[in-house]
Amino acid sequence: MNKSALILISFALSYSSTLHAYDKTHTLSAGYIYGKIKGNTAKGEIISYRYETENTWGILISLLRLNTNHKEYFIDPRFTTPSTIKYRTKTTGLLIGPTYRITPEISVYAQLGPNKLKYQEDKHHPKINTTDSHIVNTTSVIGQIGIDYNPVKNISFSLGYLYSDTTANKRHLELSVLQLSLGFRF
């Protein structure tokens, strides 16, 4: 995540002097992400920066963080007492992509970028006080499509759908989430 933040900050700083020389539109937004990773409820945050020129095209850069934490009981035939299994997933991503303004109020966007995912599965057997852990660290591609609505000049609402699908260490990890953001245009 630190590398992603450093890349975003360096990109913004390198273009900041040229961006203020023109009368362009900038949007800074933050939002909430809700969906599923491997069937478990996932929640997280997203921060986005959007730059538009006077024509209809622009660029959108986003950082996201998403977590799941799920626990359930199961019966292991080796033991008489129920065992527990905990699923934990942490993912961070950096997305970049074009935007296209359809009308002064509505625009669409598509983004693509790397997604760092850590998946951990812990099976705890209380009868013998042992935990079996499986950890998967992988990098995959994550994509987002969405629509941006500007009801007034300085306010922006964004609704997007994010998707990622990867298989690592015989574990199929599918991410499917919606994001809702509120932004300020300047």
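Counting with mature numbering (1 follows the signal peptide of the UniProt record, and there is no 0), you get residues -21 to -1, 1 to 165 for the letters of the sequence shown.
Where is the CB? At the ideal position from N, CA and C, for every residue including glycine.
- With respect to the 7 Å criterion, tyrosine 128 and isoleucine 85 are classified as neighbours on the basis of their beta carbons.
- Isoleucine 54 is not a Cβ neighbour of lysine 102, given a cutoff of 7 Å.
- Taking C-beta separations shorter than 6 Å and ignoring five residues to either side along the sequence, the partners of isoleucine 16 in its chain run Thr47, Thr68, Leu154, following chain order.
- In the DSSP annotation of this structure, the continuous segment of the beta strand (DSSP E) that includes valine 156 starts and ends at 150 to 164.
- The three-state secondary structure of arginine 29, taken from DSSP, is strand.
- Take asparagine 116, set aside five residues on each side of it, and the residues of its chain with a beta-carbon closer than 7 Å to its own are Lys97, in chain order.
- By the beta-carbon neighbour count (other beta carbons within 10 angstroms, threshold 16), asparagine 34 is exposed.
- A direct Cα-to-Cα measurement between leucine 138 and threonine 32 gives close to 22 Å.
- In the displayed model, phenylalanine 58 falls within coil according to three-state DSSP, outside both helix and strand.
- Every beta strand (DSSP E) of 3 residues or more that sits fully in the region 84 to 135 is shown, in chain order, as 85 to 104, 109 to 128.
- DSSP places isoleucine 38 inside the beta strand (DSSP E), whose first and last residues are 36 to 53.
- Per DSSP, the continuous beta strand (DSSP E) segment holding glycine 10 begins and ends at 4 to 16.
- In the displayed model, threonine 82 falls within coil according to three-state DSSP, outside both helix and strand.
- Only exposed fits asparagine 148, as fewer than 16 other CB atoms lie within 10 angstroms of its CB.
- With contacts defined as CB atoms closer than 7 Å, glycine 72 and leucine 39 fail to qualify as a contacting pair.
- Considering only Gln99, Gly125, Glu51, the residue with the shortest C-alpha distance to serine 160 is Gly125.
- Proximity to histidine 5 across Glu100, Thr110, Lys95, Ile134 peaks at Ile134, based on C-alpha coordinates.
- A straight-line Cα-Cα distance of about 43 Å links valine 120 and threonine 59.
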